[in-house]
Amino acid sequence: MTGGDRELETEREYVRSLYARVDALRETAAARSAARQADGDREAEAVWRAEAARLDSVEQGLCFGRLDLDDGRRVYVGRLGLFREDDDEPLLVDWRVPAARPFYTATAAAPHGVRRRRRITTRGRTVVALDDELLAAGEAGDEALVGDAALLAAVTAERTGRMHDVVTTLRAEQDRIIRHEASGVLVVEGGPGTGKTAVALHRVAYLLYTRPHLRTRGVLVVGPSQVFLDYIGQVLPGLGEHSVVTATLADLRPGVEVSRVDPPGTAADKGRAVMAGRLAEAVRARVRTPDDPVGIEFDQQTLRLDPATCARAAAEARRTRLPHNQARLVFQRQVVDVLVRELVEDLEAVVLTETGEAIDGGSPDGRLGEADLRALAAAGVVLGDDSDDGPRSMLDETARAGLKQSLLADPAVQAALDALWPPLTPEQVVADLLGEPAGGWSAADVPLLDEAAALLGHGPAPAVFGHVVVDEAQELSEMDWRMLVRRCPTRSMTVVGDLAQTGNPAGATSWDDVLRPHVRDRWHHERLSVNYRTPAEIMAATADLHPGTTPPRSVRSTGEPPWRVGTTRARLPGVVADLAAAHTTGRLAIITPGPLSEALSPTPHPDLTARVVVLTPEQAKGLEFDAVLIADPAAILAAPLGHHDLYVAMTRATRHLGIVHPGPAPAELLRVPTRARTAPARDR
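Under the working numbering, think of the first position of the sequence shown as 38, with each following residue one higher.
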């Protein structure tokens, strides 16, 4: 047996012992969960059930590394921490603890006490490969393997249609950002392929480990589309985290169905922060102070409500700073208090003749007569019995409260009050402001509806979270940010994006512009500079799409430059279909504008696990594929931020990029070489 074989067998035996320990812990968790269920202790049962799920989630890639330290110790690194059954000796350290950090940060120049770093590759529960990197000076010899072998294997492997965690291959700059101690908003910016999304998701796992209070306060991950959320859906469970909520922006306003698309200019207008002021003014304008006294019919009499009373009641309600519909109740109580006083005064008023007799059925001493009592009874007010005979005394507080409730419940009174301070719904307010009928909402309407709901205090309070992660954050409008910040009162966020990829006309051009109104200077910016996904040849082809900016540095070159072919508009769908049929290796994404996308694939929900998937540039954001075929780049460029959209489309590929253009190629693509193509039968 060679030295390499012995090392492999040693690690296999050790990893087998780790899985044996996990199996024992899993059995214990399952048994305790069942026992707590039998006891009826639901809370304890849920705790043990969650522990069993956590142990199940680390089945793949339980242990992925080993550190050999200068002092002779060995530290195994994995997805969770394991200890011996009979003592506190660690068998495996969690990748998030400080002791594991040198696995990601140690270099030959700064080894941090590490002599050897070993990456362990497993298939199932079996160790299949070792990748050693000797860091101590003078120790690298024939046994040393390339330290980046695991990383290169990961970035060149065929895509599966789902993102996987990269906990085994994190680089030092990524690890530094994951462990960043920013207390406010951390902005992580980086070009295509720099691992922004992976960093954000691993940061979530790190924060949940180091800040346990977040498990009760909750973490929200916001993505640009459901396609994207499906794509990243396996990452956090693979890191042992199952409690994180994922959502699109539209999901943050339940019950709103997005069924239409606004023109770019309209979407941009709706996304500006001034819309918040317009909505607030629209709500305020619905409160009316009458110019003349208002007559209100109540129990066969007319009550008079003067403008001054309305104005005072409205001012008092606004001073509470409550939302519109809650302040409306304050307004109503203020007005009805005045009406009750007027009604009581009328009921208790006594008109005397010259001889001192009451001519309205009342009593000279202020006691109510029989006519008054009948009127109160008709209004639903029942008075206490002061005596067995004679007229009753003046209204006490209980009677006044009953009269007030009768007024509030009276349809005529309620109609008059609603005319002055009407109850409103978010849909009413937004539809009236936009001059559009309710229903048929667009994505740009969702934050407007949410803003209106906040102004009105309409419906249940939205869920709030202790930390929020925003991916593709450059696409959010100013109104989107207002909606998002309402979900995070602590203003603790990880914001991930790239301003060079902004495709939304209402999106960000400056992080400071969108964040400062909400967090002032409590935000920190970090940049990722290395492109692990996109080959150098493809990045070079995008140079004319981002002049004046420095793209991330690609770590690899494939020797396969991108290519383009020309065709006619009529033949475009057939050419694209033939090229897709000829693709046999890995997963292919056809990226094209909406109309052609619908023609090639009418399904509204793309399946990213299929061999070929058709996407719009917007749907492709944040995704990656083995190969990309762009159809009709000129139509992509015609969008308001088309250069950004085409840049996104071209940088989704890990291996191959092809472009099919009807007519002449756009000037931005002239540096991409043409490729001869044998015309298929349908073209001849």
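Glycine included, C-beta positions come from ideal geometry on N, C-alpha and C. Source: prediction; values computed, not measured.
Query                                                                                                               : Result
Beta-carbon spacing of residue 481, residue 212 below 8 Å                                                           : no
Sub-8 Å separation of residue 200 and residue 268 beta-carbons                                                      : yes
Sequence-distant residues of the same chain with beta carbon closer than 6 Å to residue 522, five excluded per side : 555
Buried versus exposed, by CB contacts within 10 Å (16 or more), residue 364                                         : buried
Where the alpha helix (DSSP H) containing residue 64 begins and where it ends                                       : 40-76
Simplified DSSP assignment, three categories, for residue 153                                                       : strand
Alpha carbon of residue 580 to alpha carbon of residue 571, nearest angstrom                                        : 13 Å
Cβ pair residue 145, residue 172 closer than 8 Å                                                                    : yes
Alpha carbon of residue 524 to alpha carbon of residue 204, nearest angstrom                                        : 29 Å
Backbone secondary structure at residue 473 - three-state DSSP                                                      : coil
Which listed residue (116, 359, 92) has its alpha carbon closest to that of residue 102                             : 116
CB of residue 315 within 8 Å of CB of residue 330, strictly                                                         : no
Residue 703 (DSSP reduced to helix, strand or coil)                                                                 : coil
Residue from 92, 358, 279, 54 with nearest C-alpha to residue 164                                                   : 54
Euclidean distance between Cα positions of residue 569 and residue 703                                              : 28 Å
Rounded straight-line distance, which links the Cα of residue 151 to that of residue 92                             : 29 Å
Buried versus exposed, by CB contacts within 10 Å (16 or more), residue 237                                         : buried
Residue-level contact to chain B via CB, residue 376, 8 Å cutoff                                                    : Among the chains of the structure shown, chain B does not appear; only one protein chain is present.
C-beta contact flag for residue 264 and residue 643 at 8 Å                                                          : yes
For residue 509, three-class secondary structure by DSSP                                                            : coil
Beta-carbon separation (whole angstroms), residue 335 vs residue 447, contact threshold 8 Å                         : 6 Å
Backbone CA spacing between residue 457 and residue 214 [nearest angstrom]                                          : 55 Å
Exposed unless 16 or more other CB atoms sit within 10 angstroms - verdict on residue 468                           : buried
Selected residue, minimal CA-CA separation from residue 63, among 339, 641, 366, 119                                : 119
Buried versus exposed, by CB contacts within 10 Å (16 or more), residue 656                                         : buried
Spatially closest choice to residue 466 from 488, 378, 454, by CA coordinates                                       : 488
Cα-Cα separation, residue 90 to residue 659                                                                         : 28 Å
Outcome for residue 443 when other beta-carbon atoms lying within 10 angstroms are tallied against a minimum of 16  : buried
Cβ neighbours of residue 57 in the same chain (closer than 6 Å, five flanking residues each side left out)          : none
Where the beta strand (DSSP E) through residue 226 begins and ends                                                  : 222-227
Alpha-carbon spacing of residue 592 relative to residue 708, whole angstroms                                        : 22 Å
Counterpart residues of residue 562 in DSSP-defined beta bridges                                                    : 224
Residue nearest to residue 304 in terms of C-alpha spacing, selected from 191, 278, 471, 350                        : 471
Contact check, residue 445 vs residue 373, beta carbons under 8 Å                                                   : yes
Sequence-distant residues of its chain with Cβ nearer than 6 Å to residue 629 (five each side left out)             : 668, 669
Residue 196, buried or exposed, once every other Cβ within 10 Å from all chains shown has been counted against 16   : buried
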